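The sequence shown runs 3 to 277 under the working numbering.
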Amino acid sequence: MEYYRKLGVDHFILVDNESEDDFRGITSGQEDVTSFHAKGSYKDANFGMHWANYLLRKYGSGHWCLTCDPDEFIVYPEMESRGLHELTDYLASIREESFFSCMIDMYGDKPIEFCHYKQGTDPLDVCPYFDRFGYAKTYIDDLRNVWVQGGVRRRVFSSANPSGAPALNKIPLVKWQRHFAYVESMHMAIPRRLNESISRNKTTGALLHFKFISQLRQKVDEELEAKQHFNDSAEYKRYDVLINSHQTLFCPSVSGRYENWRTLVRLGLMNKGEW
Numbered sequence: 003m004e005y006y007r008k009l010g011v012d013h014f015i016l017v018d019n020e021s022e023d024d025f026r027g028i029t030s031g032q033e034d035v036t037s038f039h040a041k042g043s044y045k046d047a048n049f050g051m052h053w054a055n056y057l058l059r060k061y062g063s064g065h066w067c068l069t070c071d072p073d074e075f076i077v078y079p080e081m082e083s084r085g086l087h088e089l090t091d092y093l094a095s096i097r098e099e100s101f102f103s104c105m106i107d108m109y110g111d112k113p114i115e116f117c118h119y120k121q122g123t124d125p126l127d128v129c130p131y132f133d134r135f136g137y138a139k140t141y142i143d144d145l146r147n148v149w150v151q152g153g154v155r156r157r158v159f160s161s162a163n164p165s166g167a168p169a170l171n172k173i174p175l176v177k178w179q180r181h182f183a184y185v186e187s188m189h190m191a192i193p194r195r196l197n198e199s200i201s202r203n204k205t206t207g208a209l210l211h212f213k214f215i216s217q218l219r220q221k222v223d224e225e226l227e228a229k230q231h232f233n234d235s236a237e238y239k240r241y242d243v244l245i246n247s248h249q250t251l252f253c254p255s256v257s258g259r260y261e262n263w264r265t266l267v268r269l270g271l272m273n274k275g276e277w
């Protein structure tokens, strides 16, 4: 939350799905936070999208809204000197309603159980690496969407079935209107024109994703019991195998260290565009 405050986020709307991690104690008393508590099934709520779409329609209409998970940190060109308000002003000036971002899975050079993240510290201190190449893009014509797959979850966890790797394309930042909706997480939205926010000339961003820290062990155990994620939590079953094998995700020939947004621009994973 401090990270996003520094970028210019004015208000947070958080959904707590019966967590047991002192959510109320952490978020209470903060004037820029509104919390909602969902008691139903995350899976039955279209993996949380019913909750998100309702809140975006009720409170987000007419506003630029950034929708992300707690382990995702947006980065974009010139961010050290330009906040999110400047980014959205620029997007509005060229009549863009959405902002494409590629999710970049971050990891450390040790087995996951030794990548200890301490609350309040920079997650890049623990997980500074990502896959520099190995990404595939597929254009889905009828949805006007670019489907991106790759990174460590394709290289390690979906090596036997690369086409089944998780999607990395996201549209996290949208000038929301009442008739808008996310239909598959933040990977795809309607109306379909919202998905057309990527091209060589357009400015795009990235979401640094910090899933592979030592706390994943507890998350995997919980998910294997609850089975609330896609495809009967098949991805979490693969995480369980890797954690138990004590392997590292780091690969000298593929892994690179993230320095700043320019790292991703050089590799073609983010566009500076005409901004």
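Backbone N, C-alpha and C fix where the C-beta goes; we use that ideal spot for every residue, glycine too.
A quick note: this is a predicted structure, and the numbers were derived from the prediction, not measured.
Determine the contact status of residue i and residue j, defining contact as a CB-CB distance below 8 Å.
{"i": "residue 221", "j": "residue 107", "result": "no"}
{"i": "residue 152", "j": "residue 138", "result": "yes"}
{"i": "residue 211", "j": "residue 74", "result": "yes"}
{"i": "residue 204", "j": "residue 270", "result": "no"}
{"i": "residue 245", "j": "residue 266", "result": "no"}
{"i": "residue 197", "j": "residue 190", "result": "yes"}
{"i": "residue 251", "j": "residue 70", "result": "no"}
{"i": "residue 146", "j": "residue 59", "result": "no"}
Evaluate residue i with the Cβ neighbour count: other Cβ atoms within 10 Å of its Cβ, from every protein chain shown; 16 or more gives buried, anything less gives exposed.
{"i": "residue 207", "result": "buried"}
{"i": "residue 150", "result": "buried"}
{"i": "residue 102", "result": "buried"}
{"i": "residue 22", "result": "exposed"}
{"i": "residue 110", "result": "buried"}
{"i": "residue 243", "result": "exposed"}
{"i": "residue 95", "result": "exposed"}
{"i": "residue 133", "result": "buried"}
{"i": "residue 36", "result": "exposed"}
{"i": "residue 135", "result": "exposed"}
{"i": "residue 259", "result": "exposed"}
{"i": "residue 119", "result": "buried"}
{"i": "residue 215", "result": "buried"}
{"i": "residue 224", "result": "exposed"}
Can you check DSSP and say which residues form a bridge with residue i?
{"i": "residue 184", "result": "191"}
{"i": "residue 66", "result": "177"}
{"i": "residue 260", "result": "Its beta-bridge partners do not exist; DSSP assigns none."}
{"i": "residue 35", "result": "14"}
{"i": "residue 149", "result": "140"}
{"i": "residue 100", "result": "176"}
{"i": "residue 107", "result": "211"}
{"i": "residue 131", "result": "109 and 259"}
{"i": "residue 171", "result": "104"}
Measuring CA to CA, which of the options is closest to residue i?
{"i": "residue 157", "options": "219, 256, 192 and 69", "result": "256"}
{"i": "residue 236", "options": "147, 109, 120 and 160", "result": "160"}
{"i": "residue 201", "options": "85, 187 and 171", "result": "171"}
{"i": "residue 20", "options": "270, 50 and 85", "result": "50"}
{"i": "residue 62", "options": "13, 269, 261 and 115", "result": "13"}
{"i": "residue 76", "options": "263, 116 and 267", "result": "263"}
{"i": "residue 86", "options": "176, 162 and 113", "result": "176"}
{"i": "residue 67", "options": "184, 248, 273 and 195", "result": "184"}
Hey, quick one: how far does the alpha helix (DSSP H) through residue i stretch, first residue to last?
{"i": "residue 141", "result": "Where residue 141 is concerned, there is no enclosing alpha helix (DSSP H), although the beta strand (DSSP E) it sits in stretches over 138-142."}
{"i": "residue 264", "result": "263-268"}
{"i": "residue 61", "result": "Neither: residue 61 is in no alpha helix (DSSP H) and is coded neither H nor E."}
{"i": "residue 94", "result": "86-95"}
{"i": "residue 25", "result": "25-29"}
Terminal residues of the continuous beta strand (DSSP E) containing residue i?
{"i": "residue 4", "result": "Where residue 4 is concerned, there is no enclosing beta strand (DSSP E), although the alpha helix (DSSP H) it sits in stretches over 4-9."}
{"i": "residue 77", "result": "74-77"}
{"i": "residue 207", "result": "207-211"}
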